[in-house]
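Chains as they are written, first to last, in UniProt numbering: chain A, 1 to 271; chain B, 1 to 178.
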């Protein structure tokens, strides 16, 4: 209450995080390799493609030292396909289009294989699962299998916007891209807001709202609103919830089967 | 609901109709005539914090001092109006902290149906608030009447949604920072 800043992080902070995404460039000048805190940068030799953090790629682009190769999803065709799925497809009427598969995870079309992400290992041998911005979603040509389904990565609004700002001459049909990104954003925003109905179940009955595939910027924008709605619904429903619990406790006292297990569950729910 | 939460303090001050069950000597100051007694059966509007105390504290003893009634803001008439169309009711005119008040009242009374009506109301109105908040022209336009009737909790919701949408537009370069 006393803290003046709103909860959550601001759009520019989210964009800052997105600048860690790796992106492919074609350098126009030679540049020696660099040791940065975030990792080492390979030496750049003009005709050879290289993968750099987005911030460095944008810097080189602004200085006209490199061309940026747009990520595979940032083209008119995949974006219009996603837009069509989001707005027309019955299955995705209330859900968001699936995020890109994690490394080793079977893509959405593969129903045969189990869709479990494959862990990776650090040099020290520790197991970890890569997460954005350390996923190769924006590297051109990375993991482009035959049946690759276009999908929006976690930082799609930020990367899309920044590339359109700084490197629109490297993109295919930037005006249409801009329009498609805007349309996609609006379709998904509307979905998120219509999810208020489902939020009720989440607030009182222990249900949940699936936010799979929602981007960082979208989460940042809707965070204040959605948490506010859930919070208020919880408060309004508090007395009913209280009554329900008392009833459960009574039942348990009378019947008494499986009491211990449910007791433990209840403990987790308290907050 | 924290100790310093100004909204919860203001909610505490909302008036609640109470009926005295006993004669209380010297408490006429509540009715506006100091020095007099309060007769049994007198109806006075007391602040929520006082009414709550008087009615709950008495339960421990032998007989209760006051009985509480539903405030006008949560009367049957209002509930029917909310059932009919949640969006046209001016909650702010009923009580500036409508939802906070109803939370406190629902702790005192067992009203399952009222919980359902209020939950539904809040959901319907929240969807409407989100639409208004994402409108780039802000509160200008057709929704002025609706937005004027928001209670304090809803206003905070509107503010959160609106500020975020505005920050996004500024970041994307669609709007100028003022």
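From the three backbone atoms N, C-alpha and C, an ideal C-beta is built for every residue, glycine too.
- Closest in alpha carbon position to residue 146/B, among 22/B, 92/B, 32/B and 108/B, is 92/B.
- The three-state secondary structure of residue 39/B, taken from DSSP, is coil.
- Residues of chain B with a Cβ closer than 7 Å to the Cβ of residue 15/A are, in chain order, 171.
- For residue 53/A, the uninterrupted beta strand (DSSP E) run begins and ends at 50-53, by DSSP.
- Residue range 22-27 is occupied by the beta strand (DSSP E) that includes residue 24/A.
- Going by DSSP, residue 174/A is part of the alpha helix (DSSP H) stretching over 174-194.
- By the neighbour-count criterion, in which a residue is buried when 16 or more other Cβ atoms sit within 10 angstroms of its Cβ, residue 248/A is exposed.
- In the DSSP secondary-structure assignment, residue 122/A is not bridged to any residue.
- Taking residue 117/B as the centre and dropping the five residues before and after it, the same chain places the C-beta of 79, 82 and 83 closer than 8 Å to its C-beta, in chain order.
- In the DSSP assignment, residue 115/B falls within the alpha helix (DSSP H) that extends over 112-133.
- Runs of the beta strand (DSSP E) lying entirely within the region 45-90 of chain B, each at least 3 residues long, are 66-68 in chain order.
- For residue 154/A, no Cβ of chain B is located within less than 8 Å of the residue's own Cβ.
- Assigned with DSSP and collapsed to three states, residue 39/A falls in strand.
- At least 8 Å separates the CB of residue 22/A from every CB of chain B.
- The beta carbons of residue 25/A and residue 52/A sit closer together than 8 Å.
- Beta-carbon to beta-carbon, residue 174/A and residue 164/A are separated by about 6 Å, close enough to satisfy the 8 Å threshold.
- For residue 238/A, the nearest beta carbon of chain B is closer than 8 Å to its own beta carbon.
- For residue 127/A, the three-state secondary structure derived from DSSP is strand.
- Following the DSSP letters along the chain, one finds residue 16/B inside the beta strand (DSSP E) bounded by residues 15-20.
- Put simply, of 91/A, 170/A and 220/A the residue whose alpha carbon is nearest the alpha carbon of residue 155/A is 220/A.
- Among the CB atoms of chain B, none fall inside 8 Å of the CB of residue 19/A.
- In this model, residue 85/A and residue 188/A are separated by some 11 Å (Cα to Cα).
- For residue 69/A, the enclosing beta strand (DSSP E) stretches over residues 66-69.
- Close CB contacts of residue 87/A within its chain, under the 7 Å cut and outside five residues either way in sequence, are with 187 (chain order).
- Here the C-alpha atom of residue 70/A lies approximately 27 Å from the C-alpha atom of residue 9/A.
- Membership of residue 250/A in the alpha helix (DSSP H) is indicated by the continuous run 238-254.
- Under the criterion of beta carbons closer than 8 Å, residue 215/A and residue 152/A qualify as touching, at roughly 6 Å.
- With respect to the 8 Å criterion, residue 96/B and residue 167/B are not classified as neighbours on the basis of their beta carbons.
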